[in-house]
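Single-structure report; data block below.
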Amino acid sequence: MTMLKGVIDPELGADIVELGMAKSATVADDGTVHLAVSLTTAGCPLRAQIASDAKARVGSMPGVTAVKIDWGVLSDEEKAETMSRARWNARADDDATAIPATTKIIGVASGKGGVGKSSVTANLAVALAATGRVVGVIDADIWGFSLPRMLGIEGRLEARSDGDRKVIVPHRRDVGDGRLEVVSMGFLVEDEASALMWRGLMLNRAVQHFLDDVAWPDDLDYVVIDLPPGTGDVAMGLATMLPRTELLVVTTPAGGAQKVAERAVTMARKSFLRVLGVVENMSAYVAPDGSVHHIFGSGGGAALAAAAEVPLVAEIPIEPAVSLGGDTGNPIALGEGPAAEEFRRLAGLVVDELAPPVEIESCSARLLSSVEALLDANDAEPSGA
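Those letters in the sequence shown? Residues 100 to 484, per my numbering, in order.
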């Protein structure tokens, strides 16, 4: 049931547990999980989206062999309570983030530094944007921010008025038919070499500002988050602030790096976050003659994926152009070569299979409109609010 809190009804903007749509979850001796889920209407077009998210999240837990869903329909009283809860959340939930409920959240994590996590974040983000998507990028590596340079974006963040408060305006970079919307501590310091000597509470507060106080656009398809290495305060805080986050774990071919990266998987599982898969960075060097050289060893990514029971979704080869692109603000994913092709393949896999963007079809939104007059007449807080 905790995993189902990451399954969001994209029209109502809340998880199916809070909305009362997830009724029960039972686990059979053979590892099959049976879920009872009730929808607002029997023919809800969002059923497939909810089913996909529920099966992916619950099915990613160790020991789960299958996920089966028994569908039902909310009673009239339950519908009224669900809609009241959704309306109340939209009006009064101070903990809600400014990121739209329909946005897919992908955190890029690693067990240690130096594995190229930020490079993977930058190149995945631009590759997703190149597919015509609107992609938010959050540089949550507060101490080790590097995305402004890697994405070729400069200048301080500015604020604008939004009613009675100020909101941060993210920096924008157009990529083909898509675009990036980027926030980073690197846009708030005077010098890239500045050292931020912050502890846990300040780190989490900075990330919370990026979630709550940024003018994220309504058409945001994805948010890609560059997490600090390891399993510290920011990673744990993000699991609380954004429970629908899904993780890609970056490692290298070296066995030692793979063992450390297993901790990131363990942290995700203990925080009830879904692990999308493993990215093996610096996988091998492909020489001009086509020969392949495993400079840092081999097998680390496959071993981590097997241990975590998740797919190995990408093997990014060693290529000088990757580093050069990061240094000059021209990510290799926009160029040519083996690494560029692999980043574009990973982006396609994310869009088509791992975390498809939400396509909203009217369902519960119509119901919300139909009961709004009644709720306005009563204008009362829902029970338990």
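All residues carry an ideal CB built from backbone N, CA and C; glycine is no exception.
Per DSSP, residue i is paired with what?
i, result
"R278", "V233 and D273"
"S209", "V349"
"D169", "A135"
"R373", "E345"
"V322", "I204 and G235"
"D114", "I107"
"A413", "V378"
"A197", "Per DSSP, none; premise fails for A197."
"S283", "D238"
"V359", "None; V359 has no bridge partner."
"V126", "V132"
Beta carbon of residue i, beta carbon of residue j: below 8 Å?
i, j, result
"L246", "G285", "yes"
"L145", "P109", "yes"
"I204", "V322", "yes"
"P352", "K216", "no"
"L319", "V281", "no"
"L485", "A185", "Residue 485 falls outside the range modelled here, since the chain spans only 100 to 484, and no answer is possible."
"G436", "A420", "yes"
"G400", "E414", "yes"
"V274", "V313", "no"
"A363", "G210", "yes"
"L337", "T196", "no"
"P416", "A383", "yes"
"I107", "R304", "no"
"I149", "V132", "no"
"V306", "A239", "yes"
"A488", "L279", "Residue 488 lies beyond the residue range present for the chain, which begins at 100 and ends at 484; the question has no answer from this structure."
"V412", "L448", "yes"
Within the same chain, show all residues whose beta-carbon is closer than 7 Å to that of residue i, passing over the 5 residues directly before and after it, in chain order.
i, result
"L287", "R255 and L256"
"T101", "F371"
"A454", "K203, I205, E345 and L375"
Do you know how far the Cα of residue j is from the Cα of residue i?
i, j, result
"V457", "D114", "15 Å"
"R248", "A221", "10 Å"
"D325", "A386", "30 Å"
"G119", "T181", "7 Å"
"G105", "D451", "20 Å"
"R272", "S397", "36 Å"
"W297", "M381", "Residue placement at W297 is poorly supported in this model, since its pLDDT is 49, which falls under 50; the coordinates still yield a value, given next. Straight-line Cα distance between these residues: approximately 31 Å."
"T339", "F395", "36 Å"
"A356", "T202", "31 Å"
"V163", "A404", "16 Å"
"G235", "L310", "11 Å"
"A360", "T350", "6 Å"
"C143", "I168", "15 Å"
"G231", "P316", "15 Å"
"A258", "V268", "6 Å"
"G389", "E379", "20 Å"
"A479", "T365", "Annotation note: pLDDT 49 at A479 (below 50); position unreliable, coordinate value reported separately. Each residue's Cα considered, the two are about 43 Å apart."
"K178", "V126", "27 Å"
"F244", "S283", "7 Å"
"S183", "S174", "14 Å"
"S218", "A141", "45 Å"
Which same chain residues end up closer than 8 Å to residue i when comparing Cβ atoms and leaving out the 5 residues on each side of it in sequence?
i, result
"L103", "D114, I115, V116, A121, A124, L134, A153, R156 and V157"
"G428", "R248, M249, L250, G251 and I252"
"P161", "R368 and E408"
"A402", "G354 and Q357"
"G130", "G162, V163, T164 and A165"
According to DSSP, is residue i helix, strand or coil?
i, result
"V421", "helix"
"E441", "helix"
"M260", "It is Ser, not Met, that sits at residue 260 in the sequence shown. Residue state, collapsed to three classes: strand."
"E408", "coil"
"S183", "helix"
"A226", "helix"
"I431", "helix"
"I267", "strand"
"A121", "strand"
"V457", "coil"
"E393", "According to the sequence shown, residue 393 is His rather than Glu. In this structure, H393 counts as coil in the three-state DSSP scheme."
"A385", "Note that residue 385 is Val in the sequence shown, not Ala. In the structure shown, V385 sits in a strand (DSSP, three-state: E or B)."
"V450", "helix"
"V364", "helix"
"P219", "This sequence places Val at residue 219; Pro is not what is there. Looking at V219 - three-state DSSP - the assignment turns out to be helix."
"T313", "Reading off the sequence, residue 313 comes out as Val, not Thr. Strand."
"M100", "coil"
Any chance the CB of residue i is under 7 Å from a heavy atom of the ligand NAP?
i, result
"F286", "Although the ligand NAP was asked about, the structure shown includes no ligands whatsoever."
So, for residue i: in the same chain, excluding its five sequence neighbours on each side, which residues have a beta-carbon less than 6 Å away from its beta-carbon?
i, result
"A367", "L346 and V374"
"G424", "P430 and I431"
"A208", "L326, L346, V348 and A363"
"A226", "A432, F442, R443 and A446"
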